[in-house]
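Worksheet: the structure to be examined is printed underneath.
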Amino acid sequence: MATNRTFTMLKPDAVENGHMGKIIDMIINAGFEVKAMKYTRLTEEQAKEFYAVHAERPFYGELVEYMTSGPIVAAILEKDNAVADFRALIGATDPAEAADGTIRKLYAESKGRNAVHGSDSDENAEIEGKFHFGENEIF
Ligand code: UDP
Ligand code: MG
Numbered sequence: 090m091a092t093n094r095t096f097t098m099l100k101p102d103a104v105e106n107g108h109m110g111k112i113i114d115m116i117i118n119a120g121f122e123v124k125a126m127k128y129t130r131l132t133e134e135q136a137k138e139f140y141a142v143h144a145e146r147p148f149y150g151e152l153v154e155y156m157t158s159g160p161i162v163a164a165i166l167e168k169d170n171a172v173a174d175f176r177a178l179i180g181a182t183d184p185a186e187a188a189d190g191t192i193r194k195l196y197a198e199s200k201g202r203n204a205v206h207g208s209d210s211d212e213n214a215e216i217e218g219k220f221h222f223g224e225n226e227i228f
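Numbering (this note's numbering), first residue to last: 90 to 228.
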């Protein structure tokens, strides 16, 4: 995957609360091109693997439970400076600390149930994109 791509998930709270369309609209209006997108649901095994880096953190069990609690939308997005620009668009992990106008400020319920995921590096964007979409012609 090129360095102008990032990976996102609209998390179960965002889908459940009916914010899917508004969030996708914000992403497209911010200049991201959708390269791949799917409506899906994580198994417990997939959620554990996706968040394995947090396995020792106290919130890990709750995070896995939340991320498997309902459907999500997974997507690969393309834009110049995609990883950093997307992190700016979603805002801080905790909506109480997220800047005005960011997706998390507008739509996250809490630090845990925070509406959206964004990769934190080009390397993780590639790993996470492949985790959800496999090695195929998209990349
Ligand atoms: N999380 C949580 N409690 C915390 C920190 C994180 O429940 O104190 C959850 C939250 O859903 C977050 C995810 O774990 O989005 C991954 O955490 P990370 O620190 O990587 O935040 P992100 O990169 O998503 O901003
Ligand atoms: Mg992270």
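C-beta atoms are modelled at their ideal positions from N, C-alpha and C, and glycine is treated no differently.
On a predicted model such as this, the values are computed, not experimentally measured, just so you know.
Handout entry: Same chain only: Cβ atoms within 6 angstroms of Tyr149, ignoring 5 sequence neighbours per side
Key = His143
Handout entry: Residue environment, Tyr196, which counts as buried when at least 16 other CB atoms sit within 10 Å
Key = buried
Practice task
Please confirm whether Ala205 and Thr129 have their CB atoms less than 8 angstroms apart.
Solution key: According to the sequence as given, residue 205 is Val; it is not Ala. No, they are not a contact pair.
Practice task
Thinking Val153 and Ser210 are a contact (beta carbons under 8 angstroms), I'd like their distance in whole angstroms, please.
Solution key: Val153 to Ser210, Cβ: 22 angstroms. No contact.
Problem - Whole-number beta carbon distance between Met115 and Val162, since they are thought to touch under 8 angstroms - result: At roughly 13 angstroms, the Cβ-Cβ gap does not stay under 8 angstroms, so Val162 and Met115 are not in contact.
Handout entry: Minimum Cβ-Cβ distance from Val172 to chain C less than 8 angstroms
Key = The structure shown has no chain C; it contains just one protein chain.
Handout entry: Glu186 versus Glu134: straight-line alpha-carbon distance, rounded
Key = 31 angstroms
Practice task
Tell whether a beta-carbon distance below 8 angstroms holds between Leu166 and Glu105.
Solution key: No; because the gap between Cβ atoms is not below 8 angstroms, this pair is not in contact.
Practice task
Please determine, among Phe220, Ser199, Arg146, the residue with the shortest C-alpha to C-alpha distance to Lys101.
Solution key: Residue 101 is actually Pro in this sequence, not Lys. The residue with the shortest Cα to Cα distance from Pro101 is Ser199.
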